[in-house]
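Chains as they are written, first to last, in the numbering used here: chain S, 911 to 1021; chain D, 9 to 118.
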């Protein structure tokens, strides 16, 4: 069974540029999560989807971050414009029941 | 979500049992104890979870004290590939978010 797929794996951009991350969850998993992990810290939830609906986006900085999950499968997380402090690893996870399965993450560096 | 406390780092010899402690003194009766680990440059990996009873799977054993205020993750025969950051998380389970702390950096030495 394929795991959670994320792309790109690495991204380097200049500040004020836009960037987008893509996630394909495990087939059949209706819950999808985006986490951000700063260096030396544990991951922190940005947004959680139940199918197409964002049910918890309280930690998503809505002035520059946006996310969508069209058709309740793949998801995209966007930052526009990026700031230096957005440098981090962005992790996508999916679940069907009690366990969350994480992708490898996208490592973003903003210069 | 209850706060968990873990030692920042531990060492263990290859082939020995690695015992990772976690304190969760404010855990509520319906919160599970989850363990995940994160190997360098990878996403977190689920290991095991439990509510009251001790649990065992192919990766590890989870021992939860009777008062549920602490738990221990046991890797019975640690290998070099078990070197990772281990996170203990108290969560209501299901689709609820996971609140990660700083975890324990476990180093397995040859």
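For every residue, glycine included, the Cβ atom is placed at its ideal position computed from N, Cα and C.
Excluding the 5 residues flanking residue 990 of chain S on each side, which residues of the same chain have their C-beta closer than 7 Å to its C-beta? 928, 974
Would residue 94 of chain D pass as an interface residue toward chain S - the criterion being a Cβ-Cβ separation below 8 Å? no
For a contact meaning CB atoms closer than 7 Å, what does residue 966 of chain S contact in chain D? 105
Tell me the DSSP bridge mates of residue 916 of chain S? Note: residue 916 of chain S is bridge-paired with S:933 in the DSSP secondary-structure output.
Counting pairs of Cβ atoms below 8 Å between the region 60 to 75 of chain D and the region 105 to 118 of chain D, do you hit three or more? Cβ pair count under 8 Å is below three, so no.
Using the rule of at least 16 other Cβ atoms within 10 Å of the residue's Cβ for burial, across every protein chain shown, is residue 47 of chain D buried or exposed? exposed
Let me check understanding here. Comparing Cα to Cα, which of S:919, S:916, S:918, S:924 lies closest to residue 1021 of chain S? S:924
Going by C-alpha distance, which of D:91, D:102, D:82, D:86 is nearest residue 23 of chain D? Ranked by Cα distance from residue 23 of chain D, the options D:91, D:102, D:82, D:86 are led by D:86.
For the region 43 to 58 of chain D, enumerate the residues whose C-beta is nearer than 9 Å to any C-beta of chain S, in chain order. For the region 43 to 58 of chain D, residues whose beta-carbon sits nearer than 9 Å to a beta-carbon of chain S comprise 44, 46, 49, 50, 51, 52, 53, 54, 57.
In terms of DSSP beta bridges, what is residue 117 of chain D paired with? D:21
Using a Cβ-Cβ cut-off of 8 Å, state whether residue 927 of chain S counts as contacting chain D. no
Determine the closest residue to residue 944 of chain S out of S:1000, S:1009, S:913, with distance taken between C-alpha atoms. S:1000
Show which residues of chain D have a CB atom less than 7 Å away from the CB atom of residue 1005 of chain S. Correct list: 103.
Less than 8 Å between the beta carbons of residue 91 of chain D and residue 56 of chain D, yes or no? no
Per DSSP, which one or two residues make a beta bridge with residue 990 of chain S? As computed with DSSP, residue 990 of chain S is found in no beta bridge at all.
If you count every other CB in all the chains shown that lies within 10 Å of the CB of residue 105 of chain D, and 16 or more means buried, which is it? buried
Could you pull out every residue in the same chain whose Cβ sits closer than 7 Å to the Cβ of residue 88 of chain D, ignoring the five residues on either side in sequence? Within the same chain, residue 88 of chain D has close Cβ partners 22, 116, 118.
Is the shortest distance between the beta-carbon of residue 110 of chain D and the beta-carbons of chain S less than 8 Å? yes
Taking CB distances under 8 Å as the criterion, tell me whether residue 938 of chain S reaches chain D. no
Which whole-angstrom value describes the C-beta separation of residue 988 of chain S and residue 930 of chain S, a residue pair presumed to lie in contact below a C-beta threshold of 8 Å? For a cut-off of 8 Å, the C-beta gap from residue 988 of chain S to residue 930 of chain S is around 5 Å, short enough to register as a contact.
Do you know whose CA, among D:70, D:77, D:51, lies nearest residue 93 of chain D's CA? D:51
Using only alpha-carbon positions, find the residue among S:961, S:1005, S:937, S:1004 that is nearest to residue 981 of chain S. S:961
Report the partner residues of residue 27 of chain D according to the DSSP bridge assignment. D:82
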